[in-house]
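Notes follow once the structure below has been shown.
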Amino acid sequence: MKTGLFLLAVYFLLFLFFQQSLTGLIAFGASLLFAVFLLIQAQKKYRIILHSLLVVLILVPVFYSLGIINSFYKIEKINPETIEKTTALGNPYEHDFNNPAVENGRYTFLYVCHDEMRLEWNKISAKKYDDLLPNGYPLYSTLIRYLTSKGLKKDAEGIKSLTTQDIQNVENGISNIIFQKKKYTLYPRIYQTVWEFYMYSKTGNPSYQSFSQRIEFTRAALHIVKENFLFGVGAGNWKEEFKKAYISNQSKLEESLYASSHNQYLNYMVKFGFIGTLVILFFIIYPVIKSKSYLDPLFMIFLVFLIFANFADSNFETHMGSSFFLFFYCMFVVYNNDSYLVLPGK
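Counting from 21, one number per residue, gives the positions in the sequence shown under the working numbering.
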């Protein structure tokens, strides 16, 4: 039984890692830190070791992320006066100096010759240069980003330098070489988040970028909360209020992407205001205090996970999220004193 539970836990951890959900990873990390903190309180004999573990668990992700951020912002310096104007075949390059997009520190829309790329690419791939990929983007846009990430010019020579694996990567919609080379690490997920924030900060357009869209969702929600702080706008017309907020904020987000805040607490504030949110939190917290379930470390770890997960998603407003919460919440509150941990035959 214990072996089965251990293997199941390993499976879920691997699933979380390979899914690379930033929300899930942050929520899990917070839960892990809280679990170590509880162990420090309970295991005084091993406090030094556990304190060291806590510091490591905090510093390693922080420095790992800072290293990726620092590497991302080491962007090449370009002199428009001295940049090459033609390809090796004598065709003119397109240089868009106004486009801030970068891949691995190199500007994406410099050294571009579509005619040469189209001709050479169509020789080596069944998916044509102007075809749409399953992600909805034209193949050439992925190809341009991929070539840039490898430090290659976007011309005939660049296409000829691609390996069979590179061609397959582009056909599969992989836009950066590191997404393939480091696919078994968290580097691609963190890089993608940094890239989205960089593009959002440069253009103000968050469309089709998960992290950037959430920033825009939050801005809209805060706008509504500011105007309706005490009682909110109600549960019936919040969509219309969000639409008004996006317009008022002069958001560049495409209208088809308008959505709620993806933050459970902000969503409650939008719909029910400060007073309504306090009432909801009271009905969640009071049973925990009344039943003394807060003495259960496993329950507290569960709550910490959900507290952090709800900052980046409105879990209680989906069937799956609310069912997950209610099942385990009721189990912990009703079956306190660790009775739910008793294994059959024990």
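Ideal placement from N, C-alpha and C gives every residue a C-beta, glycine not left out. These figures come from a predicted structure and were not determined experimentally.
For residue i, count the other beta carbons within 10 Å of its own beta carbon; 16 or more makes it buried, fewer makes it exposed. Which is it?
| i | result |
| --- | --- |
| C133 | buried |
| E224 | The amino acid at residue 224 is misidentified as Glu; the sequence shows Gly. G224 is exposed by the Cβ-count criterion. |
| H339 | exposed |
| K366 | For K366, the predicted structure reports a pLDDT of 45, less than 50, and the residue's modelled location is therefore unreliable. A value from the coordinates is still provided. Burial call: exposed. |
| F303 | exposed |
| H243 | buried |
| N119 | exposed |
| L172 | buried |
| Y204 | exposed |
| S313 | buried |
| A47 | buried |
| F292 | buried |
| A367 | The question about residue 367 has no answer, for the chain in this structure spans 21 to 366. |
| T168 | buried |
| P226 | buried |
| Q63 | exposed |
| T183 | exposed |
| N189 | buried |
| E101 | exposed |
| Q61 | exposed |
| E261 | buried |
| T23 | exposed |
| V308 | buried |
| Y220 | buried |
Looking at C-alpha atoms only, which residue of the options is the closest neighbour of residue i?
| i | options | result |
| --- | --- | --- |
| I89 | I78, K174 and E123 | E123 |
| F294 | F249, S334, I327 and A329 | F249 |
| F237 | S271, N257, V253 and T205 | S271 |
| A265 | L34, V245, L346 and G87 | V245 |
| Q185 | Y166, I300 and Y218 | Y166 |
| L301 | S72, G87 and F336 | F336 |
| N192 | T102, Y157 and K65 | Y157 |
| L318 | V299, V353, S342 and S343 | V353 |
| I98 | V82, L86, S85 and F117 | F117 |
| D316 | A55, Q39 and S85 | A55 |
| N142 | Y160, S343 and G125 | Y160 |
| G49 | L86, Y113 and L77 | L77 |
| C350 | I327, F322 and S334 | F322 |
Where does residue i sit, in a helix, a strand or coil, going by DSSP?
| i | result |
| --- | --- |
| T43 | helix |
| V253 | coil |
| E274 | coil |
| P158 | strand |
| W258 | helix |
| P208 | helix |
| K366 | Caution applies to K366, whose pLDDT of 45 falls short of 50 and renders its modelled position unreliable; the value that the coordinates give is listed next. Residue state, collapsed to three classes: coil. |
| E177 | helix |
| E191 | helix |
| P226 | coil |
| L59 | helix |
| L318 | helix |
| E101 | coil |
| L130 | coil |
| L109 | coil |
| L20 | Given that the chain is displayed from residue 21 to residue 366, the structure contains no residue 20 and the question cannot be resolved. |
| L28 | helix |
| L153 | coil |
| E236 | helix |
| E96 | coil |
Can you round the beta-carbon distance between residue i and residue j to whole angstroms, since I take them to be within the 8 Å contact cut?
| i | j | result |
| --- | --- | --- |
| F325 | S51 | 4 Å |
| L286 | A241 | 4 Å |
| H115 | L139 | Going by Cβ atoms, the distance from H115 to L139 rounds to 20 Å, so no, they are not a contact pair. |
| P208 | I197 | Going by Cβ atoms, the distance from P208 to I197 rounds to 10 Å, so no, they are not a contact pair. |
| V290 | G252 | 6 Å |
Flag this pair as yes or no: are the beta carbons of residue i and residue j separated by less than 9 Å?
| i | j | result |
| --- | --- | --- |
| F280 | K259 | Here the sequence assigns Ser to residue 280, which means Phe is not the residue at that position. It is a contact, given that the beta carbons lie within the stated cut-off. |
| L74 | F57 | yes |
| R234 | N283 | yes |
| N111 | D150 | no |
| A121 | E177 | no |
| E216 | S232 | yes |
| E96 | Y127 | yes |
| Y288 | G296 | yes |
| L36 | L45 | yes |
| M137 | K174 | yes |
| I179 | I144 | yes |
| L277 | Y228 | yes |
| K263 | E274 | no |
| K94 | G125 | yes |
Would residue i count as contacting chain D if we go by Cβ distances under 9 Å?
| i | result |
| --- | --- |
| L86 | The chain labelled as chain D is not found in the depicted structure, where only one protein chain is given. |
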